[in-house]
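Structure, as structure tokens:
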Amino acid sequence: MDASSSLADVAAIDPADVDGLVDHLPLGSRLFTTGSDRSAGKAESSPGRLDSFHHYLDRGGLHGSREHPRALEARSRYFKTSPLVVSTLREEQLARGAALLLGTDDVIRTVLRVNILIPGQELAVHTDVAQFDGLAPRVPEWLRVVMHWSGLFEEHRVRVINAIALGKACVGGDLLAWLDGPAEEPTIMPALPGRAVLFDSDSTFHGVTRVGPDFRSCTAAKVRTGHSLERVSRDEWELKDADQSILQTVAHDELRITIMWKARAPLPLVREPISLQQILERIRADLQTSHSLTPNQQAILADFARVCADAYVPLPVWKPRPFSS
Ligand SMILES: [Fe+2]
Numbered sequence: 006m007d008a009s010s011s012l013a014d015v016a017a018i019d020p021a022d023v024d025g026l027v028d029h030l031p032l033g034s035r036l037f038t039t040g041s042d043r044s045a046g047k048a049e050s051s052p053g054r055l056d057s058f059h060h061y062l063d064r065g066g067l068h069g070s071r072e073h074p075r076a077l078e079a080r081s082r083y084f085k086t087s088p089l090v091v092s093t094l095r096e097e098q099l100a101r102g103a104a105l106l107l108g109t110d111d112v113i114r115t116v117l118r119v120n121i122l123i124p125g126q127e128l129a130v131h132t133d134v135a136q137f138d139g140l141a142p143r144v145p146e147w148l149r150v151v152m153h154w155s156g157l158f159e160e161h162r163v164r165v166i167n168a169i170a171l172g173k174a175c176v177g178g179d180l181l182a183w184l185d186g187p188a189e190e191p192t193i194m195p196a197l198p199g200r201a202v203l204f205d206s207d208s209t210f211h212g213v214t215r216v217g218p219d220f221r222s223c224t225a226a227k228v229r230t231g232h233s234l235e236r237v238s239r240d241e242w243e244l245k246d247a248d249q250s251i252l253q254t255v256a257h258d259e260l261r262i263t264i265m266w267k268a269r270a271p272l273p274l275v276r277e278p279i280s281l282q283q284i285l286e287r288i289r290a291d292l293q294t295s296h297s298l299t300p301n302q303q304a305i306l307a308d309f310a311r312v313c314a315d316a317y318v319p320l321p322v323w324k325p326r327p328f329s330s
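Just so you know, the sequence shown maps onto residues 6 to 330 in our numbering.
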């Protein structure tokens, strides 16, 4: 493993460590779904991850599925814990790998949580939401992804290394990562316990193949925002809807359980803040000067500008006044 590598396998991680972290969650702990909900055929109430969402639906995910978009969207709604504060995980190996990739001796863990996919779920190909220092609050996730890929905000970017580790094997659930760029073939990493994969997931496209053994699970195609996964015993979890009704009991052995651990280097002391308006203006200017847009894209950009203006510019409202005589 060398410092220039975008990937590090930390073979020495103990799968029992990952299992231990999951077992540390008390019985009754619930993991909630990700993503925004939609009505069939209607626009999303929140744009969420539109940087990758439509691509996922257009391609039918990694498997080229021809399922209804709502079913596909449901299959990509994995379950996650809140960030864990108390950790039983021995993190030295992960910190060492992250330090190598970041080129620093000093790394700070930023996130630790448990992610679970049930049989029939998969992960859309995406990059994670990039982190920026001095960023205005409530900048949407898709825009932070755009900011990173535009390269226009590098002075604010905080480089993060993501470690994904499995505690136990599962059927399916391979991690695919485009380590050599989106134009090259992805590296396929089967879900093997005891293996932590470290990479810059903000800059490397990645996704997860569908988890089995019930690859075509109808239940997984009906997961909605507000559904939860609750551990009810050592061997079983219950999938519940928003009203707490049990939709399915899932065996622990059938789940794809990973821990996600992220770390960054210490931040510089001073960084100029950047507002949402400055972000949008910089992107808009770059789009108009450095990219040849089709007429349709120009129209979309005009609409986008209109939406931004409507949202941010507090123009006065008045009643029509008669002409002065
Ligand atoms: Fe990711």
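Backbone N, C-alpha and C define an ideal beta-carbon position, used for all residues, glycine too.
In the DSSP assignment, Asn301 forms no beta bridge with any residue. The Cβ atoms of Pro74 and Pro218 do not sit closer than 8 angstroms to each other.
For the 8 angstroms CB-CB criterion, Ala103 and Ala268 form a contact. If you check the C-beta of His59 against ligand 1, you find no heavy atom less than 7 angstroms away. Contact between Pro88 and Leu117 is confirmed by a C-beta separation of about 6 angstroms, below the 8 angstroms threshold. One Cα belongs to Arg276, the other to Glu286, and the distance between them is close to 19 angstroms. Relative to ligand 1, even the nearest heavy atom lies 7 angstroms or more away from the CB of Asp56. Taking 7 angstroms as the cut-off, one finds at least one heavy atom of ligand 1 near enough to the beta carbon of Ser206. If you compare the alpha carbons of Leu181, Gly186 and Pro198 with that of Thr192, the shortest gap goes to Leu181. The nearest non-hydrogen atom of ligand 1 is less than 7 angstroms from the C-beta of His211. In the structure shown, Arg287 adopts helical secondary structure according to DSSP, grouped into three states. Checking the DSSP bridge columns, you'll see His29 has no partner listed. Segment contact: the segment 205-223 against the segment 171-178, three or more CB-CB distances shorter than 8 angstroms; contact assigned. In this model, Ser280 and Ser155 are separated by some 17 angstroms (Cα to Cα).
By the CB criterion at 8 angstroms, Ser233 and Phe58 fall outside the cutoff. Residue state for Arg236 is assigned as strand, using DSSP reduced to three classes.
Residues His232, Ser233, Glu235, Ile251 and Leu252 of the same chain have their beta carbon placed closer than 7 angstroms to that of Lys245, with the five preceding and five following residues left out of the count. The DSSP assignment places complete beta strand (DSSP E) segments of no fewer than 3 residues inside the segment 205-273 at 211-213, 233-236, 241-245, 251-256 and 261-269, in order along the chain. In this structure, DSSP gives Thr115 an extended state, which the three-state scheme calls strand. By DSSP's assignment, Arg71 forms no beta bridge with any residue. Rounded to the nearest whole angstrom, the CA to CA distance from Gln283 to Ala141 is 10 angstroms.
If you look at His131, you'll find it in the beta strand (DSSP E) that goes Leu128 to His131. Relative to ligand 1, His296 has its C-beta separated by 7 angstroms or more from all heavy atoms. With a cut-off of 7 angstroms, the C-beta of His131 is classified as near ligand 1, since at least one heavy atom of the ligand falls inside that distance. Per the coordinates, the alpha-carbon of Leu148 lies some 12 angstroms from the alpha-carbon of Asp133. The Cβ-Cβ distance between Gly172 and Glu127 does not fall below 8 angstroms. Within a 10 Å sphere around the beta-carbon of Ile113 sit fewer than 16 other beta-carbons, which makes this residue exposed. Inter-segment contact for the segment 161-168 and the segment 204-212 is present: three or more beta-carbon pairs are separated by less than 8 angstroms. Between Val119 and Val27, the C-beta gap is smaller than 8 angstroms, which places the two residues in contact.
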